[in-house]
Amino acid sequence: MTGIEERLKDALAAKAGTVRDDGRPRSLPAPRERSSGARWWAPLAVAAAILIVVAATVVVTRTVTPPAPAVRPTPEPSAAPVEQLWPGAVHEIPAKGAGGGGFMPEVFVSDRVVVGRGYARNRPPEIWSYDLDKRTFARIARLKKEEVGTYPVVFGAGHLAWSSLRGRMKEVWTVPVTGGVPRRIFSDRATVTRDNMTLGIGRLAVADGQVVWSPDEGGVYRAPLKGGKATLIDGTKGYSLVEWPWAGSPRNDSLVGDPSPRPVEHLKNLLTGERRDVVPPAGRTSWTDCGVTWCVNGVEAWRRDGTGLRELPGAARGEIRSGRFVLLRQAASGGKQAAGLHDLATGRTGLLFHTPTRTILHLQDDTAWFQTGRGTHVLVNLAAIGR
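Residue numbers are given in my numbering: position 355 of the sequence shown equals residue 503, and the series is strictly consecutive.
Below, the structure written as structure tokens:
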């Protein structure tokens with residue numbers, strides 16, 4: 149049985165347990181359209197953060213997971229807009245930075261300062277910060293062509309870090325958050341697949357005076373911020389970084405092969421050696437993603453130890469973000485649909501926007517944002533929710 153068949157089996161079993169049989173006949177639903185243009189959630193492998201284009205089609209970038217089981221999402225009758233549900237974590241910021249170029253927010257370096265890349269025509273991007281209180285931009289670094297990253301900027305230990313693909317080389321760059329000249333701390337020849345896809349560096353973190361990362365082929369590497377040789381961390385072959393200091397196996401990624409029906413089944417703490425394996429609830433044999441604490445299978449969620457099984461108020465798509473958030477496709481009133489952000493820890497769902505729409509949603513480890521159409525971005529600091 150394939151991984152997709154196992155997920156479908158689990159999802160149908162879960163839904164069957166919630167249906168009450170009153171003896172009345174039911175008509176079969178109309179068959180679902182199989183063309184990519186009519187599919188609301190359609191995966192597409194690209195490099196960068198998860199990028200979701202909502203216009204009857206949703207495109208998920210970099211990490212590709214199998215389609216969610218064909219189960220109609222449960223309506224969410226009272227989902228509040230994210231800005232009402234989590235007012236302290238939602239901000240409206242300018243879509244253009246200093247000089248009129250576009251600004252793409254990527255990571256909060258404090259509750260009141262967000263860092264991202266500024267884009268202007270005919271020149272390489274720059275790294276900027278935006279102060280929510282002062283409502284001002286400040287340039288952190290100018291980037292040369294070879295320094296431009298293809299994955300989101302991350303922050304830790306007073307430094308920003310990102311990875312890039314330059315020709316056939318995969319590289320890691322850093323710069324102090326206070327500003328300076330970017331420094332390359334790692335460079336190596338990238339792997340090219342049989343499909344002529346160049347594999348780069350996926351998840352990245354800065355901690356304990358070092359940068360740690362996983363290449364798309366797997367393994368967890370580290371290099372000192374001050375410079376030095378990059379080394380493979382012992383015991384991480386076959387593992388990939390989940391969130392520092394946790395690494396998981398098998399990886400949740402289809403760039404290097406068929407997606408696993410049981411991604412991140414095994415966890416290892418790279419500082420303490422502690423191991424945590426998934427204990428699925430009774431009758432569940434597969435899932436779409438598992439983090440350090442939570443697992444999802446598209447229509448349900450449970451804790452890694454098998455407790456807390458519950459149905460999701462919609463169809464989940466993509467990876468678990470910031471340890472506890474998933475993106476949902478939901479049914480809305482009037483036959484419409486909506487994109488919602490669901491907190492697995494509290495069971496609350498915030499409405500992002502209704503669909504169909506040409507809104508573009510960017511979903512990264514600790515941030516989510518989308519353009520409003522009035523020259524601003526709505527930005528959600530996932531790490532600030534619940535604090």
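From the three backbone atoms N, C-alpha and C, an ideal C-beta is built for every residue, glycine too.
Where are the beta strand (DSSP E) runs, 3 residues long or more, that stay fully inside the region 323-363, in chain order?
-> 331-337, 349-355 and 358-363
Taking the DSSP output, what are the residues bridged to Val-528?
-> Val-238 and Ala-516
Once you ignore the five residues that flank Gly-98 on each side, which residues in its own chain have a CB closer than 6 Å to its CB?
-> As shown, the chain starts at 149 and ends at 535. That puts residue 98 outside it, with no answer to give.
Which residues share a DSSP beta bridge with Gln-485?
-> Ala-479 and Thr-503
Cα-Cα, which of Glu-319, Gly-367 and His-525 is closest to Lys-293?
-> Glu-319
Would a C-beta distance cut-off of 8 Å place Arg-314 and Trp-321 closer than the cut-off?
-> no
Start and end of the alpha helix (DSSP H) containing Leu-233?
-> 230-233
Determine the direct distance from the alpha carbon of Leu-527 to that of Arg-235, and round the result to whole angstroms.
-> At residue 235 the sequence reads Pro, which differs from the Arg that was named. Spanning the two alpha carbons is a distance of roughly 11 Å.
From this set, Phe-256, Leu-500, Gly-386 and Val-340, which residue's C-alpha is nearest Tyr-278's C-alpha?
-> Phe-256
Anticipated Cβ contact below 8 Å, Pro-461 with Gln-478, distance rounded = 7 Å
Cα separation between Arg-506 and Leu-475?
-> 17 Å
Give me the Cα-Cα distance between Thr-379 and Ser-362, rounded to the nearest whole angstrom.
-> 11 Å
Could you tell me the boundaries of the beta strand (DSSP E) in which Val-296 lies?
-> Taken as a continuous stretch (DSSP letters only), Val-296 belongs to no beta strand (DSSP E), as it is neither H nor E.
On a CA-only basis, which of Gly-297, Lys-244 and Met-317 is nearest Ala-286? Give me that one, please.
-> Lys-244
What three-state label does DSSP hand Ala-430 in the structure shown?
-> coil
Those residues which DSSP pairs with Val-263 across a bridge | Val-255 and Ser-277
Own chain residues within Cβ distance below 6 Å of Cys-438, not counting five before or after | Val-412 and Val-426
Please name the residue or residues paired with Asp-425 in a DSSP beta bridge.
-> His-414
With a 10 Å radius around its C-beta and 16 neighbouring C-beta atoms as the bar for buried, classify Val-340 as buried or exposed.
-> exposed
Can you grab the Cα-Cα spacing for the pair Cys-443 / Val-390, in whole Å?
-> 13 Å
Enumerate in chain order the residues of its own chain whose CB-to-CB distance from Glu-295 is below 6 Å, with the five nearest sequence positions on each side excluded.
-> Trp-321 and Pro-330
Buried versus exposed, by CB contacts within 10 Å (16 or more), Ser-184 = Because the pLDDT of Ser-184 is 34, which lies under 50, any placement of that residue in the model is unreliable, and the question is left without a value.
For Pro-429, which option in Glu-422, Ala-449 and Gly-521 has the closest C-alpha, if you only look at C-alpha atoms?
-> Ala-449
Nearest-angstrom beta carbon gap, Arg-472 and Leu-499 [assumed within contact, 8 Å] = About 18 Å; that fails the 8 Å criterion.
Return the Cβ separation of Thr-384 and Gly-367 in integer angstroms, given the expectation that the two are a contact with Cβ distance under 8 Å.
-> 5 Å
Any idea which residues DSSP pairs Tyr-369 with across the strands?
-> Trp-361 and Leu-380
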